[in-house]
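Residue 0 is where the sequence shown starts when you use numbering that gives the first Met the number 0, and the numbers rise one by one after that. Have a look at the structure below before the remarks.
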Amino acid sequence: MATPTQPVDPSTLKTPLPTSPRCNIPSAPKIDWTPMQQEVRRVAKEKNAVVLAHNYQLGEIQDVADFAGDSLGLALQVQETDADTIVFCGVHFMAESAKIMNPEKRVLLPNLSAGCALADSISPESLEEWKERYPDHTVVTYINSSAEVKAMSDICCTSANAASVIRSIDNDKILFTPDKNLGNWVAKQVPEKEVVIYDGCCPTHDVLRGVSVEKTKSSMPEAIIIAHPECREDVIEAAHEVCSTSAMIDRVAKYPDAKTFIIATEWGIIHQLQKHYPDKEFVSADGCIGCRLHCPYMKMIDLPMVLNSLHEGFYEITVDDDVAAGARKSLERMLAVPRDN
Ligand code: SF4
Numbered sequence: 000m001a002t003p004t005q006p007v008d009p010s011t012l013k014t015p016l017p018t019s020p021r022c023n024i025p026s027a028p029k030i031d032w033t034p035m036q037q038e039v040r041r042v043a044k045e046k047n048a049v050v051l052a053h054n055y056q057l058g059e060i061q062d063v064a065d066f067a068g069d070s071l072g073l074a075l076q077v078q079e080t081d082a083d084t085i086v087f088c089g090v091h092f093m094a095e096s097a098k099i100m101n102p103e104k105r106v107l108l109p110n111l112s113a114g115c116a117l118a119d120s121i122s123p124e125s126l127e128e129w130k131e132r133y134p135d136h137t138v139v140t141y142i143n144s145s146a147e148v149k150a151m152s153d154i155c156c157t158s159a160n161a162a163s164v165i166r167s168i169d170n171d172k173i174l175f176t177p178d179k180n181l182g183n184w185v186a187k188q189v190p191e192k193e194v195v196i197y198d199g200c201c202p203t204h205d206v207l208r209g210v211s212v213e214k215t216k217s218s219m220p221e222a223i224i225i226a227h228p229e230c231r232e233d234v235i236e237a238a239h240e241v242c243s244t245s246a247m248i249d250r251v252a253k254y255p256d257a258k259t260f261i262i263a264t265e266w267g268i269i270h271q272l273q274k275h276y277p278d279k280e281f282v283s284a285d286g287c288i289g290c291r292l293h294c295p296y297m298k299m300i301d302l303p304m305v306l307n308s309l310h311e312g313f314y315e316i317t318v319d320d321d322v323a324a325g326a327r328k329s330l331e332r333m334l335a336v337p338r339d340n
């Protein structure tokens, strides 16, 4: 079970928070909600809704959510909830996956424009073409993909379990889609497998170069660098730690004497890190906040949209039954595999 990464008033929750196994991780302090955040909590309770937020969401949304986490943590949380409605503060493929795992629940995405460039980099047609090229390969697809692509895949993975997913497969031949940077990183961890990698990428992460990280580090030579595996190889090579966003919260605890951390991923995670470690400094790897390590899709939802979603039921996610059945198999196979980190 993934660990919640921000505090909420337990009396407002429909889904009990799991107990943290990470006893060395300082819990985030209780925050004072704004009137609008209090209204979100009130309406969520009234409607028996759970609010989930990805670690890249705006801080005000992470703070008001029942649970904030990475893709794997959110997927697990979706399985646990007994709420009637899931308000998913993230991007479309995440809300779609929540619907696939909970067909009987109403899943809402507060802004339908919140897509994902990485998910868009692989279409059913392009996957079909790659599968024809590599007919003997087992298809492992990153969760950042459409329901149709998941349904055409053998198993899904996230950045938190990709190596374990590949090791769990009997076949030595793997076709990994769609993120080439994650694929290259994970292939090195499973040298016993032949991993063919699709050529998609996340533009938010792929834009960052190792020399930019080194430049940021030059003014803070003692800083610890933590990178997301969607980053390019030169960034990963410069990093002390490479992991999913929720695992970054654990990794900071490995360096009790370090004062400064350089974070190579979308800047929204810095909100969580700063809450857990108020005495430490977290610096975006591009040297500024919100310039380049900024996902425009993840920032398309704001607090009024969340409230509107709760009040009006905007925007309900639906998935074709046949597609959902295929995608569910790939997701369920993934969820049976333990987290790497
Ligand atoms: S950060 Fe990249 S992978 Fe994540 S939602 Fe944005 S575009 Fe997609």
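Every residue gets a Cβ at the ideal spot worked out from N, C-alpha and C, and that includes glycine.
Cβ-based neighbour list, residue i, same chain, cut-off 8 Å, excluding 5 preceding and 5 following
{"i": "residue 307", "result": "109 and 313"}
{"i": "residue 172", "result": "133, 135, 136, 137, 192, 193 and 195"}
{"i": "residue 77", "result": "51, 85, 96, 97, 100 and 101"}
{"i": "residue 219", "result": "259, 261 and 282"}
{"i": "residue 231", "result": "180, 204, 205, 207, 208 and 209"}
{"i": "residue 105", "result": "83, 84, 85, 312 and 315"}
{"i": "residue 287", "result": "none"}
Same chain only: Cβ atoms within 7 Å of residue i, ignoring 5 sequence neighbours per side
{"i": "residue 96", "result": "74, 142 and 330"}
{"i": "residue 148", "result": "121, 123, 126 and 140"}
{"i": "residue 47", "result": "13, 82, 83 and 84"}
Nonlocal neighbours in the same chain, by C-beta distance under 6 Å from residue i, ignoring five residues either side
{"i": "residue 292", "result": "265, 266, 283 and 285"}
{"i": "residue 203", "result": "265 and 294"}
{"i": "residue 157", "result": "70, 71 and 142"}
{"i": "residue 327", "result": "99"}
{"i": "residue 176", "result": "121, 140 and 197"}
{"i": "residue 115", "result": "90, 92, 143 and 296"}
Where residue i falls: helix, strand or coil (DSSP)
{"i": "residue 80", "result": "coil"}
{"i": "residue 227", "result": "coil"}
{"i": "residue 172", "result": "strand"}
{"i": "residue 137", "result": "strand"}
{"i": "residue 85", "result": "strand"}
{"i": "residue 313", "result": "coil"}
{"i": "residue 178", "result": "strand"}
{"i": "residue 191", "result": "coil"}
{"i": "residue 165", "result": "helix"}
{"i": "residue 325", "result": "helix"}
{"i": "residue 199", "result": "strand"}
{"i": "residue 22", "result": "Unreliable placement is indicated for residue 22, whose pLDDT of 38 sits below 50; the coordinate value is still reported in the next sentence. The answer is coil: DSSP assigns residue 22 none of H, G, I, E or B."}
{"i": "residue 330", "result": "helix"}
{"i": "residue 183", "result": "helix"}
{"i": "residue 15", "result": "Because the pLDDT at residue 15 is just 34, under 50, the model does not fix this residue reliably, and the value given afterwards should be weighed accordingly. Here residue 15 sits in coil by DSSP."}
{"i": "residue 132", "result": "helix"}
Assumed close pair residue i, residue j - CB separation to whole angstroms, cut-off 8 Å
{"i": "residue 154", "j": "residue 338", "result": "The pair is not a contact, with the Cβ atoms about 15 Å apart (cut-off 8 Å)."}
{"i": "residue 201", "j": "residue 178", "result": "6 Å"}
{"i": "residue 61", "j": "residue 270", "result": "6 Å"}
{"i": "residue 54", "j": "residue 217", "result": "In fact, because the Cβ distance is near 27 Å, the residues do not count as touching under 8 Å."}
{"i": "residue 94", "j": "residue 322", "result": "Between residue 322 and residue 94 the Cβ distance is about 15 Å, and since that is not below 8 Å, they are no contact."}
Residues that DSSP places opposite residue i in a beta bridge
{"i": "residue 156", "result": "141"}
{"i": "residue 283", "result": "262"}
- Query: Which residue spans inside the region 226-279 form an unbroken alpha helix (DSSP H) run of at least 4?
  - Reply: Listed in chain order, the complete alpha helix (DSSP H) runs (minimum 4 residues) inside the region 226-279 are 232-237, 244-252 and 268-275.
- Message: Could you tell me which whole alpha helix (DSSP H) segments of length 4 or greater appear in the region 37-108?
- Response: 58-63, 70-79 and 91-100
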